[in-house]
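Participant: Handing you this structure, nothing more for now.
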């Protein structure tokens with residue numbers, strides 16, 4: 053609070069928690085943009101011999117993306133796995149992160 057008034061993200065925990073879980077699961081490296089699908093941006097990077105990819109929806113509207121992982125991808129938050137081409141769904145302003153294996 054500031055001066056008796058609540059500011060910032062108070063009351064937004066249910067929206068921010070999934071985003072922060074996906075973000076914090078990523079390694080501390082710079083990643084490069086490898087594609088965009090409308091409002092969804094895809095970024096990829098490597099860390100300690102493993103490849104990571106994340107998708108961020110920068111719009112308030114939900115989105116779907118068809119993406120070819122060229123191998124197996126594991127969701128860093130849920131543990132769900134995808135092999136090859138997958139259709140991924142995104143809520144507004146959401147982020148999903150994955151680790152790739154060949």
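Numbering (my numbering), first residue to last: 53 to 154. For every residue, glycine included, the Cβ atom is placed at its ideal position computed from N, Cα and C.
Tell me the start and end of each unbroken beta strand (DSSP E) in the region 86-139 that is at least 3 residues and wholly inside, in chain order.
Facilitator: Here the runs fully enclosed are 92-99, 102-109, 115-127.
Participant: Just the C-alpha distance for residue 137 and residue 107, rounded to the nearest angstrom, thanks.
Facilitator: In the chain shown, counting from the first residue as 1, residue 137 sits at position 85. In the chain shown, counting from the first residue as 1, residue 107 sits at position 55. Going by the C-alpha atoms only, they are around 15 Å apart.
Participant: Consult DSSP for residue 72 and reduce its assignment to one of helix, strand or coil.
Facilitator: As a first step, residue 72 must be located in the chain shown, where it is residue number 20. Note: residue 72 maps to helix in three-state DSSP.
Participant: Can you tell which of 100, 67, 120 has the C-alpha that lies nearest to the C-alpha of residue 80?
Facilitator: Stepping through the chain shown from its first residue, residue 80 is reached at position 28. Comparing Cα-Cα distances from residue 80 to each of 100, 67, 120, the minimum goes to 100.
Participant: Tell me, please, which residues DSSP counts as bridged to residue 67.
Facilitator: Residue numbering aside, residue 67 sits at position 15 when the chain shown is read from its first letter. Note: residue 67 sits in no beta bridge, so no partner.
Participant: For residue 110, collect the residues of the same chain with a Cβ closer than 6 Å to its Cβ; drop the 5 residues on either side in sequence, then sort them by chain order.
Facilitator: Here residue 110 corresponds to residue number 58 of the chain shown, with the count starting at 1. Excluding sequence neighbours, residue 110 sits near 91.
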